[in-house]
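Count along the first sequence starting at 1, add 44, and that's the number in this note's numbering. Every residue, glycine too, gets a C-beta built ideally from N, C-alpha and C. These notes concern the structure reproduced below.
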Amino acid sequence: MKFPKFPVFFPDATRGLIKSLDTSDIESTKTNGILVNTYHLYKDLGMEFIKKKGGIKKFMNWQGFVISDSGGFQVGSLIKMNPTKGHVSNNGVLFKPGGEGQVMLTPEKSIAFQMELGSDMVVVLDDFTDPKATYKEAKESMERTINWARRGKREYEKICKEKHLSKEKRPYILGVVQGGFHQDLRKYCIEELIKIGFDGLGYGGWPINDDKSFDYESAKTIADNSPKDYLLYGLGVGKPDEIVRLFKMGYTIFDCVLPTRDARHGRAYIYDKKTVYKFLDLTKGKMKDDDNPIDPTCDCLTCTRYSRSYINHLFKTGDFTAGRLVTIHNLRFYSNLMEKLRG
RNA sequence: GUGGCUGUAGCUCAGUUGGUUUAGAGCGCUACUUUGUGGAAGUAGAAGUCGGGCGUUCGAAUCGCCUCAGCCACC
């Protein structure tokens, strides 16, 4: 399936679920796609099981779009933060070496698994550039990313041929740009990825600077140096205002854990004309007796049925229905933001 | 009525041979942080006439006496 309209925001259903929601809940938020993760699903379920289930959409009974992340980000979030959790070599990534649940991901295996998942967009395995990396280290991870991209693309072509997938039936394939804060590395990476040939490029790495500000410079480098017909994907982006800004640069695909994670911690998003959004913290004492819905202008299930007061009570009680209700609202906030951006 | 136990932050409690001139903790509360998911954590902050009174002492949450409140036991 090809994405019919842009921009799109796909919340993270890492293990094949949006935490606390089922797929009918997701549909009710007018969210038209989700992101699943290769590393987690490969580790939990394996290639053969997914094949037997006929792919992730059938397994989940999800009619919408699916993007599968390659597992490349886990190189950074799991291994580079804690080197005992895995090892990166030119061949690929070994997670939990020697331990229970040891998983080896190569660029080929990552793509092959994503094709079995039945994703609408597959992502090549990339080597995350650590934000604290030296120039030399950043260059190495960037070059490895290019090498892996080449291998991933080759595997993709091979599988498409084996499965006789026409141009229309093939999923999109995304290359990931690494290089950290070094713009010359970013540019070089983009040039090489374009030579390999992709449907789009992803803004990879860690987009947050030490002072908590978003690294728009790298995002702009990618946007300015990509072919016009390439899709631009802000991987893991982001806050509503960051999405708006990247959309203006040309980015049209986004995913992020924030709306769902914030929801589970009681923070609801409310639209604000000046700042794009603001938070409403439903766990706070001042919500205890507030009979208003989270957002009176919102048409989601939560806002049409429940008061801030009641949701505050659910949080205090500790039941996860609270997380579900706020997740539903936050996803509707994001889908609504996409509708606004489409104009 | 007699005896005993308890009384310290919004809540649950630490804190005795009297002694860091600003009495602690957990939870709660307030403000921030979290970005290709660990249903969590972290940072900072506000908050107490130590039930009340009198006394002993250089110095009392801590010792003495009186008093108030709650609980328990026995007449």
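| Item | Value |
| --- | --- |
| According to DSSP, what are the bridge partners of residue 220? | 246 |
| What is the DSSP secondary structure of residue 312, reduced to helix, strand or coil? | strand |
| For residue 380, count the other beta carbons within 10 Å of its own beta carbon; 16 or more makes it buried, fewer makes it exposed. Which is it? | buried |
| Could you check if residue 112 is buried or exposed, using at least 16 other CB atoms within 10 Å of its CB as the buried criterion? | buried |
| On the DSSP bridge list, what partners appear for residue 301? | Paired residue(s): none; residue 301 is not in a bridge. |
| Tell me whether residue 91 sits in a helix, a strand or coil according to DSSP, three-state version. | helix |
| Which of helix, strand or coil does DSSP assign to residue 295? | coil |
| What are the partner residues of residue 343, as DSSP defines its beta bridges? | Residue 343 pairs with nothing; no bridge assigned. |
| Nearest CA to the CA of residue 70: which residue from 159, 273, 110? | 110 |
| Using the C-alpha atoms, what's the distance from residue 295 back to residue 94? | 31 Å |
| Do you know offhand how far residue 248's Cα is from residue 353's? | 40 Å |
| Hey, is residue 331 close to the ligand SAM, as in C-beta under 6 Å from one of its heavy atoms? | Ligands displayed in this structure: none; no statement on the ligand SAM is therefore possible. |
| Use the C-beta contact count for residue 383: other C-beta atoms within 10 angstroms, 16 or more gives buried, fewer gives exposed. | exposed |
| Compare the Cα-Cα distances from residue 363 to each of 310, 297, 257 and report the closest residue. | 310 |
| Just confirm the distance between the C-beta atoms of residue 315 and residue 323, as a whole number of angstroms; I'd bet it's less than 8 Å. | Not confirmed; about 12 Å, so no contact. |
| Span of the beta strand (DSSP E) holding residue 141? | Element bounds for residue 141: n/a, residue is neither H nor E. |
| Between the alpha carbons of residue 136 and residue 199, how many angstroms are there, rounded? | 14 Å |
| Are residue 163 and residue 114 close, meaning C-beta to C-beta below 7 Å? | no |
| Pairing CB atoms from the segment 161–181 with CB atoms from the segment 79–95, are three or more of them under 8 Å? | yes |
| Could you give the first and the last residue of the continuous beta strand (DSSP E) run that contains residue 111? | 109–113 |
| Where residue 369 and residue 351 are concerned, what is the direct C-alpha to C-alpha distance, given to the nearest angstrom? | 11 Å |
| State buried or exposed for residue 165, treating a residue as buried only when at least 16 other CB atoms are found within 10 Å of its CB. | buried |
| Compare the Cα-Cα distances from residue 48 to each of 66, 59, 76 and report the closest residue. | 76 |
| Could you have a look at residue 61 and say whether DSSP puts it in helix, strand or coil? | coil |
| For the 8 Å Cβ check, are there 3 or more pairs between the segment 226–242 and the segment 206–214? | no |
| Quick one: residues in its chain with C-beta nearer than 7 Å to the C-beta of residue 141, no 5 flanking neighbours on either side, listed in chain order? | 130, 131 |
| Rounded to whole angstroms, what's the CA-CA distance from residue 167 to residue 58? Just pull it up for me. | 14 Å |
| Between the alpha carbons of residue 145 and residue 134, how many angstroms are there, rounded? | 21 Å |
| What's the call for residue 386, buried or exposed, on a 16-neighbour Cβ count within 10 Å? | exposed |
| For residue 224, I'd like the list of residues in its chain whose CB is within less than 7 Å of its CB, leaving aside the five on either flank, ordered along the chain. | 173, 175, 177, 182, 249 |
| Nearest to residue 80 by alpha carbon, out of 361, 299, 366? | 299 |
| Buried or exposed, going by whether 16 or more other CB atoms sit within 10 Å of the CB of residue 98? | exposed |
| Of all the options 283, 253, 218, which has the alpha carbon lying nearest to the alpha carbon of residue 273? | 218 |
| Spatial neighbours of residue 271 within its chain, please: C-beta separation below 7 Å, excluding the five flanking residues on both sides. | 238 |
| Is it the case that the Cβ atoms of residue 293 and residue 264 are separated by a distance below 7 Å? | yes |
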